[in-house]
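Numbering (the UniProt record's numbering), first residue to last: 1 to 1075.
Here's the structure, in structure tokens; my notes come after.
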């Protein structure tokens, strides 16, 4: 059965004393065992309220003769044991006895009925049973005597306790081998024995004193569950000597003044250059009154100026306060006033947004007087204020965390060691400057002598754009918010040697994707602890959900129960942090500071520790595992949010009576969590425009990441019995959708609406729907931008997505100068990509996927006087018969072109298989006496070479369409649509095997893809695309004219993306204009 038993070690004296103690207390031996088991469970789980099962006779006293009836009445019922660490054992035992006695008449109620009444499918997974077999002389017969009784029937619960008193108490722990090993159970049995011994020795001791742990914890050692868990753990390395930011940076300047410190685009700053700029700005700051403890706001675009400002403020003795000028004006004004900022450092991109802040501004992009070296003489101590970062506040107001210089050397050393940062490393500054992890990027890089790569925000869009930036700048080290890492294409970032992520539990599949071949580290910390407290060992992908790691040198971490006692390995407790990284507290919030920064009972007098509010547990090897929160603070897309602040903002609206905000998981719980706000309107506040009014209201008060993706108006907010909102009982809701508006009309609009529906996981999107109203947020905007790029080959700025009021506005960005708003079938044989223009059009022939959507990005880059059309494969939607040969298909394509453009010259372009077909169509048009003005072949091969190099399999085609086409197919059966599309492409591949490319009489423009790092020079040999089939030599037998060879950087499959497409269109444009 897999059931085993372990004896609870009780001495003979103890076993005899326990029934007597029960009698003295006026309780049964069964209640004694139940209470002891409850206290044991509480210690094992870190809770003070536990439920387990117990077996009762179940014979209803209201039924006459029930005690003597033959039959099985046994029932299992829940037992609840609650206490505080200050309750005595006597109080727990007698209180349980009183409750159990009151329930005797109800023991016949079925467990299933109880579970149904409380709305829970399972109430407990451990149980107790007390067996009583009274033995006396009546049991003797014919010289036989019953000397004892056992019931070795095992248990179907993972863990349980069986006991009996005959007359001495005997207790065993029963368990299933599949759930527990013998060593763990033996430790649990020993724990239970200690509780029972305490009951026998002194029932008036507080429950919280049972463990008797010392107040001075010892260094961390692996421990069994019955052993007292040491309160802390740390690396063996000694704590780092505290130093100021300026001291740490100055040491690197002195060590290697000519090393490259900052890279921005094509420009570089050496450490000596950076130091000089820092000195100039620091002098100007001092001239304007900045002194130690002065708070200086910084609102700058991503550039070297941001790095200079941070270091200059530190050199002048001030404290850095990052401000996002794009946040609501009232929030920016609150931050400046609450922090006491005396100056704001701005540039041309932010000065207007900061103009209403009522704080003097200093523009760093305008000249200011030289101030000599006045700044370097300002005395700064490690205990001076270094920076202030604002985090979400549960009371409705953001709270400013004031952090000194003292812990910065510690986090720099820990990051450098754990991520293997050296002077040869290159770190990308990718995290938002208003997020304190950005300081980890900057400080770790510049204080180890490495190179900091700074990039414009447009080059940091998560996904392929970010991956391209990393590769282009040879970045070796990255720090990723979890949601951003999830958007980076697998297999990219070949230069990255080390990466760090954290802030939320990391999915094992993400570790498996990115850990092989590099260092990947999980980092845990809070703004209140100088950003980082705990770091994992390099992850391997075999850990399951990775631990958050071990404390960094100098940092002391405690996992404590409600009485501030260390808990055992595996037991969940609240995480506390002490050490040099602990912040001063919250600016202007003395009461909140006292609540969260408490005296540390394990350190020297006067030391404080920060109460994180996170739940965690030690593993036997000394690592920490995250187990949730004790409050309503959440992490969404790596950003810390107090639900109470969002609720308070909703309640400020006069039409809202009650509001509750919760987090709902999306399709990918790791990266797709979102806020949902439930509002109960006032009696006069209900109305169809309430959601829109609330969105405008929140947008004026909260940053974008704190605005709920979905707002639901409900008649009432469900409450728990104690009158608090019952978040579990709130209804599931779909993202907000007006439910009215125009349907998409053009191909671009239809594709865009489908991509939006796919990205936001909604059934349907119309032109008048709003991105934010549908539940969109910045990370969803990033996914949408990437999908548009992949499907349409168009780069859309992420700000265009976030600023577009409706889908129609966003469609206008995509279709500027595009087709008219008439109904056009995006799967039709001719796709009007851009209909306007008075010259002969440019015709694109579909690539291997059969559709011309990837050419959307080419239209805007070609001469505006030429319309752009695409020739698409017929039968994609099942409405046309499949061609019987490639010649038939080519003739049909020529007919379609002539129907739109009766007179030449004709300009044809094709990528991949589209180039093979464009060449054939050009020859067909010539055979009909038509003039071909341009034939551009993009990384393609003649038919024979294409077949020899291998055509796609049916499975590969099906997988491609299932991934990229299903959500774009519109109404109907998506599986049938994919089946039609697969049949078209598989038929093309079959027909190509019997086809030989004809001869085209004229010049050909041949564009070859060359991967990054390959040599463009020498005799072209078709190093990419169909294995080299794009070489002029392969095409020579099929062309009677000049082959004009060009190369474009990038792999074959990326030629339709914005970068390569721009170069291709430049080349085509030159040929069209005769340049």
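C-beta: ideal position from N, C-alpha, C; glycine also.
On a predicted model such as this, the values are computed, not experimentally measured, just so you know.
Contact between the stretch 21-30 and the stretch 193-207 is present: 3 or more CB-CB pairs across the two stretches fall below 8 Å. Between the alpha carbons of residue 900 and residue 1068 lies a distance of about 22 Å.
Counting only the Cα atoms, residue 417 lies some 11 Å from residue 535. About 12 Å separates the beta carbon of residue 176 from that of residue 6, a gap too long to meet the 8 Å contact definition. In this structure residue 846 is buried. Its beta-carbon is surrounded by 16 or more other beta-carbon atoms within 10 angstroms. Per DSSP, the continuous beta strand (DSSP E) segment holding residue 267 begins and ends at 267-270. Excluding its 5 nearest sequence neighbours in each direction, residue 549 has C-beta neighbours in its own chain below 8 Å: 521, 522, 523, 524, 534, 535, 536, 537, 623 and 624, listed in chain order.
Taking the CA atoms as reference points, residue 795 sits about 42 Å from residue 612. Residue pairing for residue 639: DSSP places it in a beta bridge opposite 636. Per DSSP, residue 704 lies in no alpha helix (DSSP H) and is assigned neither H nor E.
Of the candidates 421, 911 and 54, 54 places its Cα closest to the Cα of residue 131. With respect to residue 335, residue 242 sits apart: the two C-beta atoms are not nearer than 8 Å. The Cβ atoms of residue 261 and residue 269 sit closer than 8 Å to each other. Pairing residue 516 with residue 491 gives a Cβ-Cβ distance that is not under 8 Å. At the C-beta level, residue 679 and residue 702 stay beyond 8 Å of one another. 8 Å or more divides the Cβ of residue 161 from the Cβ of residue 50. Around residue 718, the same chain offers 725, 726, 729 and 730 as residues with beta carbons nearer than 8 Å, after the five sequence neighbours per side are excluded. When beta bridges are read from the DSSP output, residue 6 appears opposite 173.
Secondary structure note for residue 477: its beta strand (DSSP E) is the uninterrupted segment 477-481. For residue 680, the beta-bridge partners assigned by DSSP are 658.
The continuous stretches of beta strand (DSSP E) do not include residue 889, which lies in the alpha helix (DSSP H) extending over residues 886-900.
Annotation: the continuous alpha helix (DSSP H) that includes residue 809 extends over 807-814. Per the coordinates, the alpha-carbon of residue 915 lies some 11 Å from the alpha-carbon of residue 946.
Just measuring C-alpha positions, the residue of 604, 879, 381 and 814 sitting nearest residue 404 is 381.
The straight-line gap separating the alpha-carbon atoms of residue 79 and residue 46 is approximately 18 Å.
In the structure shown, the three-state DSSP call for residue 498 is strand.
Residue 783 counts as buried, since no fewer than 16 other beta carbons sit within 10 angstroms of its beta carbon.
Between the C-alpha atoms of residue 195 and residue 694 there is a straight-line separation of about 55 Å. Take residue 896, set aside five residues on each side of it, and the residues of its chain with a beta-carbon closer than 8 Å to its own are 829, 830 and 871, in chain order. Between residue 354 and residue 344, the beta carbon gap of about 5 Å places them in contact (Cβ cut-off 8 Å). Beta-bridge partners of residue 513 (DSSP): none assigned.
Linking residue 1053 to residue 115 through their CA atoms gives a straight-line distance of about 57 Å.
In the three-state DSSP reduction, residue 159 falls in the strand class (E or B). Counted as a single uninterrupted DSSP element, the beta strand (DSSP E) harbouring residue 936 occupies residues 932-938. In the structure shown, residue 1038 adopts helical secondary structure according to DSSP, grouped into three states.
DSSP places residue 164 in the strand class (E or B) of the three-state scheme.
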